[in-house]
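Novice: Could you have a look at this structure, given as structure tokens, before my questions?
2 protein chains.
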Amino acid sequence: MEGDPTLQLRVFDLNCWAIRYLSKRRQERVRLIGDMLRQEGFDLVLLQEVWSERDYSDLKAKLGGCYPFSHYFRSGVIGSGLCVFSRFPILDTLLYQYSLNGYPYMLQHGDWFCGKSVGLVVLAWGSRPLCPCSCQLHAEYCREKDAYLPHRLVQAWELAQFIRHTSKAADMVLLGGDLNMHPEDVGIRLLRGWTGLRDAFAEATRFEGCEDGCTLVPNNCFTVKTELLPFPLGIRIDYILYKAVSSFTVKCEELKTTTGTAPGMDIPFSDHEAVMATLHIRRQGQAADGNLGTAEPTLADVVTEARMEVGVGLRAAQRQRYSTGRMAVLALLLLLLQAAAALGTLAGLAAGQPFPKLSFSLLAFFAIGILLLATGLHLFHTIEVKMLQGTEEQLRMALRALQEHP
Amino acid sequence: MEGDPTLQLRVFDLNCWAIRYLSKRRQERVRLIGDMLRQEGFDLVLLQEVWSERDYSDLKAKLGGCYPFSHYFRSGVIGSGLCVFSRFPILDTLLYQYSLNGYPYMLQHGDWFCGKSVGLVVLAWGSRPLCPCSCQLHAEYCREKDAYLPHRLVQAWELAQFIRHTSKAADMVLLGGDLNMHPEDVGIRLLRGWTGLRDAFAEATRFEGCEDGCTLVPNNCFTVKTELLPFPLGIRIDYILYKAVSSFTVKCEELKTTTGTAPGMDIPFSDHEAVMATLHIRRQGQAADGNLGTAEPTLADVVTEARMEVGVGLRAAQRQRYSTGRMAVLALLLLLLQAAAALGTLAGLAAGQPFPKLSFSLLAFFAIGILLLATGLHLFHTIEVKMLQGTEEQLRMALRALQEHP
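Same order as they appear, the protein sequences are chains Z and E.
Here the UniProt record's numbering is used: the first residue of the first sequence is 1, the next is one more, and so on.
Here the UniProt record's numbering is used: the first residue of the second sequence is 1, the next is one more, and so on.
Following this line, the structure appears as structure tokens:
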């Protein structure tokens with residue numbers, strides 16, 4: 001990189017929606033994605049929701065020629081779904097799994113089982129390493145009453161902190177992924193403000209694709225149309241973000257998105273649109289500003305807003321911890337009462353058997369079931385409370401730092 | 001720091017063994033620890049196993065005068081137990097929770113509930129930040145048949161990777177904690193080899209304390225004597241490790257440990273001995289070697305050995321995943337059989353009620369219980385398999401990197 005003052009980096013990002021048995025026409029789409037990637041020859045490909053290792057292996061086999069280096073990040077029950085294909089050698093990887101990621105009992109949403117994470121790869125890119133990240137945050141199932149907002153904010157904060165702490169020696173930071181947040185949402189303002197990352201869509205000299213850069217659009221046959229009713233153009237939740245850290249400048253020359261169906265095919269690659277950026281990286285004389293990218297008072301407002309939302313989540317989690325704990329105690333009391341009654345009968349204290357055996361046993365089993373379930377949930381919500389408290393405190397610390405050193 | 005070419009840093013590290021209701025004479029010992037810390041005036045205090053936030057608050061209130069800055073890391077059900085007290089302002093913090101940490105059903109060991117982690121604090125120390133880490137790894141309960149070795153190795157690897165990736169812009173790396181590994185164990189050789197961290201005990205110019213620097217010693221009245229029978233001098237599992245990264249050299253001038261009872265008292269501070277290091281940091285002209293600290297062929301052997309042990313753990317986890325899955329399927333079959341029998345009876349196909357109602361219901365509840373339990377365990381062991389596979393692959397990648405770029 002030292003010899004060449006300007007370099008071009010072509011990046012591809014896509015949430016592939018490749019869930020085994022659930023995603024429509026999965027194998028066909030993965031094949032299409034592989035064909036297109038082989039044809040286009042990007043420098044770096046960041047994929048999300050490749051939940052099946054078989055799909056990853058198929059892609060790896062197909063793309064071995066043009067992307068000789070790849071990595072699949074494993075986490076959670078069914079994986080993180082994150083993988084990276086690269087023209088440059090992968091020197092090292094690091095996975096950070098968010099501390100909160102939904103609820104195991106929300107089976108219909110399933111985020112908890114994915115082990116959502118941010119995956120960092122260190123690429124041998126010229127003489128200095130390049131450290132791009134691929135990530136996905138918790139999905140938003142209902143915008144009006146978004147029960148997962150506090151979890152997504154914890155994830156956005158942990159993602160921002162992860163990027164800040166791991167990018168200190170990098171020339172450039174690059175993040176691609178499905179952030180499940182609209183551009184104006186507090187989480188993305190927090191992430192961008194706290195890391196100084198720039199939005200490729202906003203910075204691009206040329207843009208080609210869906211209007212407003214949307215990546216969930218109504219004319220994609222796989223999107224759920226009712227969810228997009230309030231947004232006739234669609235929504236933008238997939239991003240390529242970047243920042244020059246040391247003595248480099250980065251410029252987004254071109255940004256493209258796919259627009260529904262894949263070129264020359266009758267189906268899209270995924271229910272999300274792909275985002276493709278062409279970045280120009282140039283070495284400059286003096287070091288670029290490695291500090292926070294936005295004006296501090298605005299950032300302080302964003303941190304305050306995020307802290308308030310995390311606080312709302314904290315109080316909800318505390319209520320759930322309390323009610324599950326109370327339920328466990330009640331179940332235990334019922335069991336003890338039954339045990340006392342049974343012992344009383346055995347000792348001949350009672351005149352006769354007060355309950356029929358069947359109902360008595362069923363009640364005991366019911367109480368044991370409730371006790372175990374409530375205890376499990378109580379432990380889970382205790383962890384949730386701890387992590388929300390931890391994040392709230394970190395946000396308070398960040399706010400103090402912003403106020404003390406404006 | 002730029003004005004002063006040499007600086008002294010006095011570091012204190014202790015596993016406080018402060019578990020509410022379980023640790024002996026906890027409050028008295030926490031009071032003693034606070035008194036001693038106030039009296040000694042270290043620059044930096046790294047504590048582990050401060051499980052109660054009340055204990056942390058008490059310490060914080062007592063130490064506010066001499067250590068105005070502190071942080072408590074929250075994670076898991078009962079917390080990470082990690083906290084830091086500092087003379088220098090804390091600018092930022094980052095917590096990394098290990099992906100594996102024992103089993104939730106091993107209630108007698110309890111590590112799973114702690115959310116064991118590594119906590120990083122960024123201190124405003126002179127003109128450059130100092131980033132010390134406090135950490136604890138999974139305990140070793142039986143050295144001969146150590147079922148937790150693969151988990152501890154995954155933790156050691158994640159700790160090493162965390163340090164490598166977060167310390168790139170630091171002048172100096174400092175790690176204190178209860179690593180639950182003997183100095184010659186593969187995990188600590190991996191951690192030291194992969195990060196280049198030096199052992200303060202081995203490097204110290206002067207040493208004062210328990211023989212061989214042991215931190216679990218027989219003449220501490222709280223240690224379990226039977227566990228130390230094979231080690232008459234005790235064992236060394238608490239460490240202060242350090243490394244100069246950029247244009248600095250670090251030297252350990254003095255290392256001390258406590259020796260059983262606290263000075264002038266009848267009880268020790270904890271069941272572990274405290275480790276106290278005096279480090280001399282000097283700015284030098286040229287950059288120090290930021291690469292791996294040990295000779296590469298040796299490191300390759302260590303990585304191979306670690307990978308083998310992780311492989312053993314992986315096969316055990318796969319067996320457990322299989323047997324819990326089988327148990328869940330059997331329970332489901334039993335339930336389906338019962339449902340068919342019940343439906344048959346209801347439809348009048350059977351001559352009469354083949355089972356007494358009570359046994360029938362008890363059996364159904366038993367099957368439901370086993371189904372839920374086995375499914376939960378199957379999910380847990382699936383995550384375990386994923387993480388062990390991920391670590392094995394990362395170790396394979398590390399080995400390839402070592403072989404390709406010796």
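Glycine included, C-beta positions come from ideal geometry on N, C-alpha and C.
Remember, it's a predicted structure, so these values are computed and weren't measured experimentally.
Quick check on this structure: which residue in L279/E, H272/E, P232/E, N220/E has the alpha carbon closest to the alpha carbon of F248/E?
Specialist: Of L279/E, H272/E, P232/E, N220/E, the residue nearest in Cα terms is L279/E.
Novice: List the whole-angstrom C-beta distance separating D55/E from D238/E, where the pair is believed to meet the contact cut-off of C-beta under 8 Å.
Specialist: With 8 Å as the limit, D55/E and D238/E do not qualify as a contact, their Cβ atoms being about 19 Å apart.
Novice: Which residue's Cα is closest to the Cα of S57/Z: Q27/Z, S75/Z, Q155/Z, L337/Z?
Specialist: Closest option to S57/Z, Cα to Cα, is Q27/Z.
Novice: What number of angstroms, rounded off, separates the C-alpha of H182/E from the C-alpha of E140/E?
Specialist: Their Cα atoms are separated by approximately 10 Å.
Novice: Which two residues bound the contiguous alpha helix (DSSP H) that contains M397/E?
Specialist: It spans 357-404 - the alpha helix (DSSP H) in which M397/E sits, taken as one unbroken run.
Novice: Going by the beta-carbon positions, is the gap between T324/E and L377/E smaller than 7 Å?
Specialist: Yes, the pair counts as a contact, with Cβ atoms nearer than the cut-off.
Novice: Just the chain E side, please: which residues come within less than 7 Å of F365/Z by C-beta, in chain order?
Specialist: Per Cβ cutoff of 7 Å: F365.
Novice: Please determine, among L47/E, I78/E, L107/E, R189/E, the residue with the shortest C-alpha to C-alpha distance to S134/E.
Specialist: If we check each option's Cα against that of S134/E, L47/E comes out closest.
Novice: Using a Cβ-Cβ cut-off of 7 Å, state whether A169/E counts as contacting chain Z.
Specialist: Cβ-Cβ to chain Z under 7 Å: yes for A169/E.
Novice: With a threshold of 16 other CB atoms inside 10 Å of the CB of T258/Z, please say whether the residue is buried or exposed.
Specialist: Classification of T258/Z: buried, given that the 10 Å Cβ count is 16 or more.
Novice: Would you kindly report the start and end of the unbroken alpha helix (DSSP H) that includes Y72/Z?
Specialist: Note, Y72/Z: premise wrong, no alpha helix (DSSP H); beta strand (DSSP E) at 69-72.
Novice: Just to confirm before moving on: does the CB-CB distance between E373/E and L332/E stay below 7 Å?
Specialist: The identity of residue 373/E in the sequence shown is Leu, whereas the question assumes Glu. No, Cβ-Cβ distance for L373/E and L332/E is not below 7 Å.
Novice: Pull up the CB-CB distance for K60/Z and S70/Z, whole angstroms please, since I reckon it's below 8 Å.
Specialist: Contact holds; Cβ gap of about 5 Å.
Novice: In chain Z, which residues lie less than 8 Å from Y96/E when you measure between Cβ atoms?
Specialist: Result: Y96.
Novice: Apart from the five residues just before and just after F201/E, which ones in its own chain have a Cβ nearer than 6 Å to its Cβ?
Specialist: For F201/E, where only same-chain residues beyond five positions count, the Cβ hits under 6 Å are G213, L255.
Novice: Going along the chain, which residues of the region 159-190 of chain Z sit with their C-beta nearer than 9 Å to a C-beta in chain E?
Specialist: Listed by position along the chain: Q161, F162, R164, H165, T166, S167, K168, A169, A170.
Novice: Kindly say whether G121/E, judged by its beta-carbon, lies nearer than 7 Å to any beta-carbon of chain Z.
Specialist: Looking at the sequence itself, residue 121/E is Val, so the reference to Gly does not match. So no, V121/E is outside the interface.
Novice: How many angstroms separate the CA atom of S99/E from the CA atom of I240/E?
Specialist: Cα to Cα, the separation comes out at about 23 Å.
Novice: Let's test the definition: count the other Cβ atoms within 10 Å of the Cβ of G344/Z and tell me whether it reaches 16, buried, or not, exposed.
Specialist: G344/Z is exposed by the Cβ-count criterion.
Novice: With DSSP as the reference, identify every bridge partner of C83/E, one or two as the case may be.
Specialist: The partner list for C83/E (beta bridge, DSSP) reads L47/E, Y72/E.
Novice: How would you call V303/Z, buried or exposed, if buried means at least 16 neighbouring beta carbons within 10 angstroms?
Specialist: That one is buried.
Novice: Beta-carbon within less than 7 Å of H138/Z's beta-carbon, same chain only, minus the 5 sequence neighbours each way: which residues are those?
Specialist: Contacts found: N101, G102, D111, K116, Y148, H151, R152, Q155, N180.
Novice: Roughly how many angstroms separate the alpha carbons of D146/E and P230/Z, rounded to a whole number?
Specialist: Their backbone Cα atoms lie some 57 Å apart in a straight line.
Novice: Got a sec? Which residues, its chain only, sit under 8 Å from M308/E by beta carbon, not counting five neighbours each side?
Specialist: Contacts found: none.
Novice: Please go through the same chain and pick out, in chain order, the residues whose beta-carbon is closer than 6 Å to the beta-carbon of V122/E, but skip the five residues on each side of it.
Specialist: Closer than 6 Å at the Cβ level, and outside the excluded window around V122/E, lie L91, D92, P129, C131.
Novice: In angstroms with no decimal places, state the Cα-to-Cα distance between A295/Z and K243/Z.
Specialist: Any reading at A295/Z must be qualified, since the residue scores a pLDDT of 48, below 50, and its modelled position is unreliable; the value itself is stated next. For A295/Z and K243/Z, the distance between alpha carbons rounds to 16 Å.
Novice: Can you tell me where the beta strand (DSSP E) with M36/Z in it begins and where it stops?
Specialist: Segment 26-40 is the alpha helix (DSSP H) holding M36/Z; no beta strand (DSSP E) there.
Novice: Using 8 Å for Cβ pairs, my map puts W51/Z next to D271/Z. What's the rounded Cβ distance?
Specialist: With 8 Å as the limit, W51/Z and D271/Z do not qualify as a contact, their Cβ atoms being about 14 Å apart.
Novice: Determine the chain Z residues that contact G76/E at a beta-carbon separation under 8 Å, and present them in chain order.
Specialist: Here the neighbours are I383, K386.
Novice: Ignore the nearest five residues each way along the sequence and tell me which others in F94/E's own chain have a CB closer than 6 Å to its CB.
Specialist: Note that residue 94/E corresponds to Leu in the displayed sequence, not to Phe. Excluding positions up to five away in sequence, the list reads L120.
Novice: Which residues in the same chain as E227/E place their Cβ atom closer than 6 Å to its Cβ, once the five residues preceding and following it in sequence are excluded?
Specialist: Result list for E227/E: empty, nothing under 6 Å.
Novice: Does any CB atom of chain E fall closer than 7 Å to the CB of K225/Z?
Specialist: It does not; no Cβ of chain E falls within 7 Å.
Novice: Going straight from the alpha carbon of A274/Z to that of F207/Z, what length do you get?
Specialist: The alpha-carbon atoms of A274/Z and F207/Z are separated by roughly 13 Å.
Novice: Pull out every residue of the region 196-224 of chain Z whose Cβ sits closer than 9 Å to any Cβ of chain E, in chain order.
Specialist: Cβ contacts with chain E come from no residue of the region 196-224 of chain Z.
Novice: Pick out whichever of V186/E, K168/E, G177/E, E211/E has its Cα sitting closest to the Cα of L299/E.
Specialist: Comparing Cα positions, the closest option is V186/E.
Novice: Go to E203/E, then tell me how far its alpha helix (DSSP H) extends in each direction, as first and last residue.
Specialist: Looking at the DSSP string, the run of the alpha helix (DSSP H) that includes E203/E is 200-203.
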